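Q: First the structure, which I've put down as structure tokens, then a few questions once you've had a look.
There are 2 protein chains.
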Amino acid sequence: MPDGTQKKPSRIQKRNRRKILDAALDVFSQNGYRGATLDQIAAEAGLSKPNILYYFQGKEDIHVTLLSQLMETWLDPLVELDPDGDPQTEILDYVQRKLDMARDLPRESRLFAGEILQGAPRMAPNLETALKPLFDEKCAVISSWIDAGKIAPLDPQHLIFSIWAATQHYADFAAQVSVLVGADTDSHHRASVHLSTMFGKMLRP
Amino acid sequence: MPDGTQKKPSRIQKRNRRKILDAALDVFSQNGYRGATLDQIAAEAGLSKPNILYYFQGKEDIHVTLLSQLMETWLDPLVELDPDGDPQTEILDYVQRKLDMARDLPRESRLFAGEILQGAPRMAPNLETALKPLFDEKCAVISSWIDAGKIAPLDPQHLIFSIWAATQHYADFAAQVSVLVGADTDSHHRASVHLSTMFGKMLRP
DNA sequence: TCGTGGATTTACCAAATGGTAAAAATTCAT
DNA sequence: ATGAATTTTTACCATTTGGTAAATCCACGA
């Protein structure tokens, strides 16, 4: 029994759990939690459904595992916001990292968005324990930069919301963006320039 | 048979169709298309499931009806962006209208977001025919304002994306926002001030 | 008031779906 | 090689879910 609080996972266990989680990321991010089926995940992973249930306790277990693994990756750019760096550079670099993530990890962005959109039924605890402390900490950093006159006086909380919204939009609303920008050769670059300009002007004291 | 291309709907038909659509908006926006069940919608509407299917051809019919009705409301603020008004005022008013909509119509915002998030499977045609022409038209308006030196030179397409993202964030990610801002007495007002400041600075030539 | 057409309920169904038991196959240390 | 442990498959099951047929109810105009 690979589930539960057991010892070291075998090589084959690691491989299959990874295959399942990758397939599940595809399926969950495309169809949402309830829209995804174990059969789809199984087919995508190249395994049988009972075989999947040999590695995970159930559908919800897969989803929760995916979400908690994701949280780490997701918060990483914010963790790297350095209180001792140059405020403007730090924030603009943060915007850039988030935009890159929207391009490179769109499935993860959509999985996260879908979960929040439905009221975070399986992630609320994680938000409180992992996200909120980090959020508060970085808001304090931004406040100190404002107090020191290094950047314009903006509401730190809502500034961060604006950064999240503007960057994740390109992953979460990709279907809409692609219809509206048409066959753009380098949409990512234009978005990058726009966000730099926008937040750059905004931050100047 | 009330469905199909029939004559004038009776008063009772209007009432029940409205009840169903309102219930469906609740259920679809909370659980997504596949997560929503006809039984839930029926219960919420206070009708039996077969009775619902007397008024609509099926689950998808309800969803599509909801989406196409929504499109009108959704585009309205953008329609009102006046090419002959003061550019700064026009755009800031647009931001305000969108933010008000996120507060007043969160269900609609989430329904829309969920549909786009999953690749707009039931709305792609609508996006092409209804949204894209309006989007292109208003991008041209913004371009003309930039050419006239009335506002800062920003990419019109991405400026609109930023406005959509920043405002809709408060409806679509409400679960996250409420965890992070805690018991704020007037979160909407703070968001409003922030967005005015932000886009105000950004637009100044 | 009575009949007719629209509205509603009752009783279903077939397919999909999450999940399980147990047999079969495979891996692996000895 | 061989027996034990792990992994995978086969054959199911109970529930949920979108949908239907037909009987029943009810509003309303003549």
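These protein sequence lines map, in sequence, to chains A and B.
For what it's worth, our numbering labels the leading residue of the first sequence as 485, then goes sequentially.
For what it's worth, our numbering labels the leading residue of the second sequence as 485, then goes sequentially.
We put the CB at the ideal spot given by N, CA and C, even for glycine.
A quick note: this is a predicted structure, and the numbers were derived from the prediction, not measured.
Buried or exposed: which applies to Asp-445 of chain A, given that a residue is buried once 16 or more other Cβ atoms fall within 10 Å of its Cβ?
A: Lying before the first or after the last residue shown, residue 445 of chain A is absent from chain A, which here runs from 485 to 689.
Q: Can you give the Cα-Cα distance for Leu-565 of chain B and Asn-535 of chain A, rounded to whole angstroms?
A: Distance from the CA of Leu-565 of chain B to the CA of Asn-535 of chain A, rounded to the nearest whole angstrom, comes to 56 Å.
Q: For my contact list, Ala-659 of chain A and Ala-659 of chain B are in at a C-beta cut-off of 8 Å; report their separation, rounded to the angstrom.
A: So it is not a contact: roughly 22 Å between Cβ atoms.
Q: Determine, for Ile-600 of chain A, whether the minimum Cβ-Cβ distance to residues of chain B falls below 8 Å.
A: yes
Q: Can you find a CB in chain A that lies within less than 8 Å of the CB of His-642 of chain B?
A: yes
Q: Counting pairs of beta carbons, one from the region 569-582 of chain A and one from the region 500-514 of chain A, are three or more of them closer than 8 Å?
A: no
Q: List the residues of chain B that Val-661 of chain A touches, going by C-beta distances under 8 Å, in chain order.
A: Within chain B, the residues near Val-661 of chain A are Phe-645.
Q: Among residues of its own chain, excluding the 5 on either side of Gly-598 of chain A, which ones have a beta-carbon nearer than 8 Å to its beta-carbon?
A: Phe-512, Ser-513, Gly-516 and Tyr-517
Q: Which chain B residues are close to Arg-594 of chain A, counting only those with a beta carbon under 8 Å from its beta carbon?
A: Leu-601
Q: Specify the secondary structure class of Ala-608 of chain B as computed by DSSP and reduced to three states.
A: helix
Q: So is Lys-634 of chain A in contact with chain B if we call contact Cβ pairs under 8 Å?
A: Chain B contact via Cβ: absent.
Q: Near Leu-559 of chain B, which residues of its chain fall below 8 Å by C-beta distance, leaving aside the five closest residues on each side in sequence?
A: Ala-614, Leu-615 and Leu-618
Q: At 7 Å on the CB atoms, spell out the chain A contacts of Arg-674 of chain B, in chain order.
A: By Cβ distance, chain A contributes Asp-639 and His-642.
Q: Compare the C-alpha of Glu-544 of chain B against each of B:Gly-530, B:Lys-582, B:Val-563 and B:Leu-505 and name the closest.
A: B:Leu-505
Q: Consider the Cβ of Asp-656 of chain A: report whether some Cβ of chain B lies at a distance smaller than 8 Å.
A: yes
Q: In the structure shown, what three-state DSSP assignment does Lys-498 of chain B receive?
A: helix
Q: In angstroms, rounded to a whole number, what distance separates the CA positions of Lys-582 of chain B and Ile-644 of chain B?
A: Rounded to the nearest angstrom, the two C-alpha atoms are 11 Å apart.
Q: Which of the three DSSP states is assigned to Pro-567 of chain A in this structure?
A: coil
Q: Beta-carbon within less than 8 Å of Asp-523 of chain B's beta-carbon, same chain only, minus the 5 sequence neighbours each way: which residues are those?
A: Lys-533
Q: State the CB to CB distance for the pair Ala-608 of chain B and Ile-546 of chain B, rounded to an integer number of angstroms; the pair is presumed to be in contact (CB under 8 Å).
A: Between Ile-546 of chain B and Ala-608 of chain B the Cβ distance is about 18 Å, and since that is not below 8 Å, they are no contact.
Q: What residues in its chain sit with their C-beta under 7 Å from that of Ile-626 of chain B, if we drop five residues either side in the sequence?
A: Excluding residues up to 5 positions away in sequence, Pro-640 and Leu-643 lie with their Cβ nearer than 7 Å to the Cβ of Ile-626 of chain B in the same chain.
Q: Between the alpha carbons of Val-548 of chain B and Gly-542 of chain B, how many angstroms are there, rounded?
A: 10 Å
Q: Hey, out of A:Gly-530, A:Pro-590 and A:Ala-527, whose CA is closest to Gln-652 of chain A's CA?
A: A:Pro-590
Q: For Lys-685 of chain A, would you say it is in contact with chain B, using Cβ-to-Cβ distances shorter than 8 Å as the test?
A: yes
Q: Taking the beta carbon of Gln-602 of chain A as the centre, do at least 16 other beta carbons fall within 10 Å, making it buried, or is it exposed?
A: buried
Q: Just how far apart, CA to CA, sit Met-682 of chain B and Met-686 of chain A?
A: 6 Å
Q: Do Ala-586 of chain B and Ala-650 of chain A have their C-beta atoms closer together than 8 Å?
A: no
Q: Of the choices B:Thr-521, B:Leu-551 and B:Ser-552, whose alpha-carbon is the least far from that of Leu-537 of chain B?
A: B:Thr-521
Q: Measuring straight from C-alpha to C-alpha, what distance separates Gly-633 of chain A and Arg-688 of chain A?
A: 10 Å
Q: Rounded to whole angstroms, what is the Cα-Cα separation between Glu-612 of chain A and Arg-606 of chain A?
A: 12 Å
Q: Taking 8 Å as the CB-CB limit, is Glu-555 of chain A close to chain B?
A: Sequence inspection shows Met at residue 555 of chain A; the Glu mentioned does not correspond to that position. Closer than 8 Å to the CB of Met-555 of chain A there is not a single CB belonging to chain B.
Q: Chain B partners of Gly-519 of chain A, CB-CB under 8 Å?
A: Gly-516, Tyr-517, Arg-518, Gly-519 and Gln-602
Q: Taking the straight line between their C-alpha atoms, what separation do you get for Ala-636 of chain A and Leu-679 of chain B?
A: Linking Ala-636 of chain A to Leu-679 of chain B through their CA atoms gives a straight-line distance of about 14 Å.
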